[in-house]
Each structure stands twice: as structure tokens, then as C-alpha cells.
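Peer 1:
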Amino acid sequence: MARLELSDISKAYGETPVLDGVSLTMEPKEFIAFLGPSGSGKSTLLRIIAGLETLDEGEVRLDGERIDHLPPGKRGVAMVFQHYALYPHMSVRDNMAFGLKNAKVPRDEIETRVAEAARILEIETQLDKKPAQMSGGQRQRVAIGRAIVKHPKLFLLDEPLSNLDAALRMRTRIELAQLRHRVDAAFIMVTHDQAEAMTLADRIVVMNDRRIQQVGAPMEIYSRPANTFVARFVGSPAMTLAPASLVASAGPFATVRLGDGAEVETRVRGNALEGEGLQLGLRPESVAVAPAGAATTVGKVELVERLGERTLVYAHLADGLPVVAEDEGNSRVRVGETVGLRIDGSAAHLFDSAGIGHHAEAAA
Amino acid sequence: MSGARDWRGLLFVAPFLSLYALILVFPLFRGMWLSLNRVDLFGDGHFVGAGNYVRLARDPVFSTSLLNTFVLTLMIVPVLSVVALMLALALNNAGRGAALMRGIFFSSAVLSVTIVTLIWRFVLAPDAGLLGELWKSLGWQPLAFLSDPHLVLPALALTTIWWSLGLPMLLFLAGLQQIPRDMYEAAALDNASRWRTFWRITVPALRRTIVLVVMLQTAAQLQIFGQAQLLTAGGPSGASRTAVLFLFETAFGRWELGYASAAAEILFLIILAVTLTQYWATGRAQGER
């Protein structure tokens, strides 16, 4: 079973560092997403695993065997490129067979594998076409097919859905999810789209600023962000981060005061926190529009975004802090109004002065 | 659309059309007419029908000049195309050294044919030339490239290749830069050797450029003239007389304008036939793939 280990990988282009001490261990058959903004190093890391970039320091091991000195074609990995990189002068069949011919796979074995991949991807009738005669979605399938026929230990997908239109992206996402159960291999997908990462991956590797920020299951990343970067990057709309200070409280949990004087009782243990430089992290679902009596604080409404089943209310608190709140689908809130906001501290996060996240304990 | 409006549109292209008619269309038909007449510079001439063509068919000087032209074209075009492609492959990177080398290899293309022949006269001269000295230093008898009937065409071909390398090299470089990098990365992941990558990725991607270069060079080399005129004047004893040199001598040496025009028409038809055949053959090959 394929098991990928990255240990302490560093890479610089000249004077510019792009990866700094990255380590990761993948489980067999796991689907991992590298999620991060442009320039976070996620694509470089994928290309290092593929062998398209060299690394300056560190090791890449697949099944215990060190592969970082091997040429790309000898590593047992297959890659689906962002722009597909199909060979334009070859038919779909030849595109898929090219790698197998180079590996001196017997002819009837090649035919069997191509036919099998074509069946899985439902492109049996397209095998004699050239890539230019196909739509974007079909080309994407060929690119995946070219990877499947190699029976790789590890699939590398570089932004596989970014070139598809919205409807096709949804469909392909579902198909990718089904595909991974049909092939006996691990997957790494690079993406900057958190919805892709959340829906497809077993674990998400959030990258920023040349380093891994957090590795975890999708909901763990969402509900227990390791730091302010992960908190803001994952979740849409982004988590509100409000400067806050500790106030004395009787129980074990911290109570904080926001800039406008409102106090929020959290379920984060207070004893590990210092009083200075705290930030309270609030997802939209823990801030609700509420009548004056039940409200924690008030905000002036800047924008109302109606999503159908719920409404997002973008408001400013009295001290100018922007905050996103949630309201019911047929919300009557209007721009310019001042509304009451009830902050549910039980799901709130606290970030200390170093930006490290502290999270609510599961309700007893 | 009204007729008046069409005419106003025509005004915009009129300058070009009139120039085109004056310097291309008129001479083309004038040449065809001349080829059917016996004309010299000093009289009106008279109509001889196919007479000039019959004479050409029996003229051994003309047929030798055509043969020389074909041999030269066959010596030059394949070597030139391959060398230009190899240079382009070697210089297809962003480094400063490569940029300098590209400039150096292209520089010969900006020289006029007079300079080129002057340089190559120094190189090829048996007594004091570069190659002569080289031969002597190796203890061999220097070769008389320009006066040996068997060596004169290779010498002309060499000179022409050196002179003509720049443009095909640039065309190939432009073609190479159109090939997306991820194509090569995909080939690397497909475990393709360098040799296989070259034949299965690079060459197919350069197909159009290769066709263009071969067609342009074939059409150009079938009209080879300046080098032959200046290096050897067609000698020794006609061994390097090319078709255009034959034309030139006939028209401006013996002033037989009708006869020269007939030779020009035949050369025109040959070039047309060869380039159309190449175009048709490559188009067909593409359709079959």
C-alpha cells in the first residue's frame, strides 16, 4: 500500500524561499488536499513530489523507498495537469497509451488498460478523436484517463477543476469522489478552492507562507483552526476576528470584552490565556440578528446578502469592527438599520497574541 | 449595399492594388508575352509562338543549369533545415549566453551577398584560404573548391547554408517557444526518453514550421543566383551555372529577352509545382494522421 512521506522539505528559487521545512505523512489510499492561496508553495510541493522540481533539502519517500532523486517517470506517480497538457497531435487513445508504450508494457495489456480507463470515464466513443475536437470536460477526462492507465501508487492533481465551468465543476467533483473508490491509490490535489478541498479530501493540508499551517480532517480544520490564517482562509464568508480583552470570570472558561464594551462568555479554558492581544473568532453562524432584549451588542447594517435559506448580514459594531451575522431566509433587516446582535460564545474561538487558536471544549 | 458604397471601399485598397498591378501583375503577363516572341533590346521583335520553348528543350546549357539548380537545392535545403533546427534547439533557453549566440548565428543573414562571397572567397581559395591553410597544416594538398567541377557545387552549397541559417533558425525558435512547457512535463511523467520526446512531442508540434521552412527555402534556393555569379560566374565550364544565372546571361549578356523570358516561365512553373506538391503532400499527411 502506497504511503508517502515528506520529511523536512525546503526549496528556494535563488534568494527567494518557497518551501521551508515541510513534513507530512500520508496514509495508504488517503485523499489529501493542499489548500492555500497563490504563492503558498502548494504547487511547488506537488511538483517536487512529481519530480518536476528538485528540492534543496529533505526527502520524499513512497512505500519507504526514497524517490526524490528519481526522474518523474520512474516514481510510480501520475499527474493531472491544470491545463491538461494533452498531446495535441495524438488521438485520445495514443495520449493514454504513450506512457505505457514508453514503459514497454505489452500491446494487449495497453489495450486492456486503455479500454478499462475509457469505460470508467465514459469516453469509449471518443478514443479516436484529437484533443482539439473535444470539450473542456472531455479533455479533463482524458487527462485523468492518462493517469489511470498507469496504475500509479499516487495520483497528483494540480487544480483539476479550475478550468471547468461551474456546473461541470460540480459534476466532476462528484466523479472524482467516486473515482477514488474505484482505483487503488492515494490522491493529492492542489487547490485554492476550499469547497473542493472540504468535499473531496480525507485530510486537508492548509499551506501559507512556505509552511504547512495545519493538517486535519475538513471539519477539524473548520471547527478547530490552528491559527488566525487558517481561521480566516477556511470558511466563507471569512471568520470575524475581533480584538478582545479578558475579564475576570468565575468559571474555568474565559470571558472577553470586545472593543464596543460587549462581553462574551466563551467555552474556551481561560487558564492558558494571557490577557493581552487576544482576538475573538466568530463564524457567521455564531452571530445572530436578535431583538434588543436578547442581544449582546448592536451593529449598523452595511450589506444584506440573501442566499435563500439564510441571509448574511454585514454590519459594523459601535467601535467600527466589521462583523458578519446570520439571519433567517426571509430576513427583514435593511441596509442602514441598527440591529441587535446576539453572539453565541459557546462556539467562539480565541486566538492569543501569537495567533494560535484556542477552542471551545465540547459541551459536556 | 449600394454600388456607390462599394466603390468608396475600393478607394482604400486602390493604392496597393495599383502598385501591385504595376510591379507584379503587369510584368508577369509581359514576361509571358515576351517568352512567345523573339526580342532583343533594339527592335520590336516578332512572334515565334512556342519557338523559344522548343529551343530551350534542345539547349544543353539550359538543361545543365536546371540540373545544377536541383542538385544545389537538394544539397542545401535538407542540411539547412536540420542545422537550423539543431541550433534552435540548442539556443532555446532564456540565458544571456544563448541570446548572444542567437545574435551571432543570425548576423550572417544580414550580410549582403557581395560580402558573403568575399568572405567565402577567402575561406575557399586554395593557395591562401582558410580551408587551404588547414589542409596544408595537415600535410594534404589544398583542394581547389572553386575550380574543380566536382567541388564547386558543394562549395556553393556550404556558402549558401552559412548565409541562410539565420531566418530558419529564428522561425524554429519561434515555433519552439509556442510549445507549452507542461507538454514536456507530461512527457517526463510518461517516462519518455529525450529522443522520444523530441520525435513525439517537439517534431509534431513544429510540423507547420518545418513545412514553412522547407517550402520557403526550396523556393529561394531554386532561384539561387548571387553566390554563383560572384564566386564562380557559373564556372568552371558551366559546372556551377544555375537556372537564374542562365537567365541573367541570356537576357543581359546576349540580350535575348524572349529566350530568357521563356526560361524564366519554365523556372516559375517548376517552383510553383514543387511548392504546391510539398503543400499538398504535407496537407494530405496531416489529414491522414
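Respectively, the protein sequence lines represent chains D and E. Per numbering that gives the first Met the number 0, residue 0 is the first one in the first sequence, and the count goes up by one each step. Per numbering that gives the first Met the number 0, residue 0 is the first one in the second sequence, and the count goes up by one each step. Glycine residues also receive a C-beta, built at the ideal position from the N, C-alpha and C atoms.
1. Under 7 Å between beta-carbons, which chain E residues line up against residue 150 of chain D? List them in chain order, please.
2. Could you tell me if residue 62 of chain E is buried or exposed, where buried requires 16 or more neighbouring beta carbons within 10 angstroms of its beta carbon?
3. Sorted by chain position, which residues of the same chain lie with C-beta nearer than 7 Å to residue 165 of chain E's C-beta, five sequence neighbours on each side aside?
4. Only counting runs of 4 or more residues, tell me where the alpha helix (DSSP H) segments fall wholly within the region 53 to 118 of chain E, in order along the chain.
5. Ignoring anything shorter than 3 residues, give me the beta strand (DSSP E) runs that lie fully in the region 282 to 359 of chain D, in order along the chain.
6. Going by Cα to Cα distance, which pick from E:54, E:37 and E:56 is closest to residue 47 of chain E?
7. Give me the Cα-Cα distance between residue 355 of chain D and residue 244 of chain D, rounded to the nearest whole angstrom.
8. Below 8 Å on the Cβ atoms is my guess for residue 159 of chain E versus residue 75 of chain E; work out the distance and round it to an integer in Å.
9. Output yes if chain D places a C-beta closer than 9 Å to the C-beta of residue 199 of chain E; else output no.
10. According to a CB-to-CB cut-off of less than 9 Å, which residues of the region 59 to 84 of chain D neighbour chain E?
11. Can you list the residues of chain D that residue 310 of chain E reaches, using a CB-CB cut of under 9 Å?
12. Quick one: which residues of the region 82 to 106 of chain D get their C-beta closer than 7 Å to a C-beta of chain E? List them in chain order.
13. Determine, for residue 132 of chain E, whether the minimum Cβ-Cβ distance to residues of chain C falls below 9 Å.
14. Which two residues bound the contiguous alpha helix (DSSP H) that contains residue 181 of chain E?
15. Between which two residues does the beta strand (DSSP E) containing residue 148 of chain D stretch?
16. Restricting to Cα atoms, I'd like to know which of D:196, D:209 and D:99 is closest to residue 190 of chain E.
17. By the 10 Å Cβ neighbour count, where 16 or more other Cβ atoms means buried, how is residue 202 of chain E classified, buried or exposed?
18. Compare the C-beta of residue 188 of chain E with all C-beta atoms of chain D and state if any pair is closer than 9 Å.
19. Please list, in chain order, all residues of the same chain as residue 90 of chain D whose beta carbon is under 8 Å from its beta carbon, the five residues on each side excluded.
20. According to DSSP, simplified to helix, strand and coil, what is residue 231 of chain D?
21. Name the chain D residues that come within less than 9 Å of residue 280 of chain E, Cβ to Cβ?
22. Per DSSP, what kind of secondary structure is residue 165 of chain D in: helix, strand or coil?
23. If you draw a straight line from the alpha carbon of residue 261 of chain E to that of residue 143 of chain E, how long is it in whole angstroms?
24. Can you name the residues that DSSP bridges to residue 58 of chain D?
25. Whole angstroms is fine: what's the gap from residue 269 of chain E's alpha carbon to residue 142 of chain D's?
26. Do the CB positions of residue 201 of chain D and residue 31 of chain D come within less than 9 Å of each other?
27. Please compile the residues from chain D whose C-beta is within a distance smaller than 8 Å of the C-beta of residue 95 of chain E.
28. Does DSSP classify residue 275 of chain D as helix, strand or coil?
29. For residue 49 of chain D, return the contacting residues in chain E, with the cut-off set at a CB-CB distance below 9 Å.
30. In chain D, which residues lie less than 9 Å from residue 330 of chain E when you measure between Cβ atoms?
31. Determine, using beta carbons only, whether residue 167 of chain D and residue 192 of chain D come nearer to each other than 9 Å.
32. Residues of chain D with CB closer than 7 Å to the CB of residue 203 of chain E, please, in chain order.
33. Whole angstroms is fine: what's the gap from residue 336 of chain D's alpha carbon to residue 323 of chain D's?
34. Quick one: what's got a C-beta closer than 6 Å to residue 223 of chain E's C-beta in the same chain, skipping five residues either side?
35. Is residue 3 of chain D near residue 9 of chain D, with beta carbons less than 9 Å apart?
Peer 2: In terms of the structure at hand:
1. Near residue 150 of chain D there are no residues of chain E at all, since even the closest Cβ is about 13 Å away, more than 7 Å.
2. exposed
3. 104, 105, 107 and 108
4. 59 to 90 and 95 to 106
5. 286 to 289, 296 to 305, 309 to 316, 321 to 327, 337 to 342 and 348 to 350
6. E:37
7. 16 Å
8. 5 Å
9. yes
10. 70, 71, 72, 73, 74, 76, 77, 78, 80, 81, 82, 83 and 84
11. Since the first and last residues shown for chain E are 0 and 288, residue 310 of chain E lies out of range.
12. 82, 84, 86, 88, 97, 98, 101 and 102
13. In the displayed structure, chain C is absent; the protein chains listed are D and E.
14. 180 to 188
15. Here residue 148 of chain D belongs to no beta strand (DSSP E), and DSSP marks it neither H nor E.
16. D:99
17. exposed
18. yes
19. 126, 127, 128 and 129
20. helix
21. Under the 9 Å cutoff, chain D gives no residues; its nearest Cβ is about 17 Å from residue 280 of chain E.
22. helix
23. 35 Å
24. D:6
25. 47 Å
26. yes
27. Near residue 95 of chain E there are no residues of chain D at all, since even the closest Cβ is about 15 Å away, more than 8 Å.
28. coil
29. 184, 187 and 188
30. Chain E is shown from 0 up to 288; residue 330 of chain E falls before or after that span and cannot be answered.
31. no
32. 88
33. 15 Å
34. 71 and 241
35. no
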